[in-house]
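Note that numbering that gives the first Met the number 0 numbers the sequence shown so that position 52 is 51, with each residue one more than the last.
Okay, structure first, notes after.
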Amino acid sequence: MSKITKAFEYVDLGKYKEAEALYQELLNDELNDKDYESVLNGVGYLYAFTERYDDAIDVYEQLLARASTDEDKAIAYHQIGMVYRMRHDVDNAKRYIGYELDIIKDKDDNDLFVSANFYEFAEVYKIEGELQKAVEMGYGALDHALRTDDHVAIGCAHRVLADCFNEQDQSSVAKFHYEHSLESFKAADDAAAIMDLNDTIDSMS
């Protein structure tokens, strides 16, 4: 297993100190452009999930500055929008995921990108309390995710729908989507998501 893969694994497992130490090692290594950008992406995730939002945005803006293709720009916009959404800055979140959508909407074979984009819009609308809009975007995310074989995208779409229906006290529909989300994250072997979803489903019983 490469050091980059190991660092990503540490983040997924919530071993943030270990991940940060390994990323610091990697940043001191001589890396090619692709590996360096992979490390920056991982550092951005680490900062985002440890609520160091300004640092995460700085890292993703470095990625945006290095982006040489529309796809790279779309990914960077998505990540910046995600961080703004995580800090509940909905105006900036919508601005950046809007930039992303402008790039990806007319591309071929874009289902995974569109699913991730619609998922972020659903999460933002959920924060705003616009649950009907959130549900519409959640179903859009699910529709595009189901055209791929990406279990994480499918799981995320089901989960945001479940959260929205749960907030509307539609517990049976919410549980349906939570259970389908759990199946998808099991297929993706995402331990953290599996644990969270099991806890949520158990609390509904």
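Ideal Cβ placement from N, Cα and C applies to all residues, glycine included.
Nearest to Y46 by alpha carbon, out of G13, L30 and Y177?
It is G13 whose Cα lies nearest to the Cα of Y46.
Among D201, I102 and S37, which has the Cα closest to the Cα of N116?
Of the listed residues, the one whose Cα sits closest to N116 is I102.
Using beta-carbon positions only, say whether Y83 and Y52 come within less than 9 Å of one another.
Yes. Within cutoff.
So, using beta-carbon positions, are K125 and D162 closer together than 9 Å?
Yes; because the gap between Cβ atoms is below 9 Å, this pair is in contact.
Between the beta-carbon of D95 and the beta-carbon of I79, is there less than 9 Å?
In the sequence as presented, Asp is not what sits at residue 95; that position holds Tyr. The answer is yes: Cβ separation under 9 Å.
Could you check the C-alpha separation between H87 and E122 for me, to the nearest Å?
Rounded to whole angstroms, H87 to E122 spans 10 Å at the Cα level.
Looking only at its chain, what residues have a beta carbon closer than 8 Å to the beta carbon of Y76, apart from the 5 residues adjacent to it on each side?
For Y76, where only same-chain residues beyond five positions count, the Cβ hits under 8 Å are L63, Y95, I96, Y98, E99 and I102.
Helix, strand or coil for N109, going by three-state DSSP, please let me know.
Correct three-state label for N109: coil.
Closer than 8 Å is the cut-off here; do at least three beta carbon pairs connect the region 166-173 with the region 141-150?
The region 166-173 is not in contact with the region 141-150.
Identify which residue in G154, V89, F112 and C155 has its Cα closest to the Cα of G128.
Closest by alpha carbon: V89.
Could you check which residue in I56, M203, Y35 and A20 has the C-alpha nearest to that of A92?
Taking only the C-alpha atoms, the option nearest A92 is I56.
Do Y118 and A156 count as a contact pair if the criterion is CB distance below 9 Å?
Yes, the pair counts as a contact, with Cβ atoms nearer than the cut-off.
Distance check for D11 and A190, CA to CA, integer angstroms please.
A190 and D11: Cα-Cα distance of roughly 8 Å.
Once you ignore the five residues that flank Y59 on each side, which residues in its own chain have a CB closer than 7 Å to its CB?
Here the set comprises G43, A75, Q78, I79 and V82.
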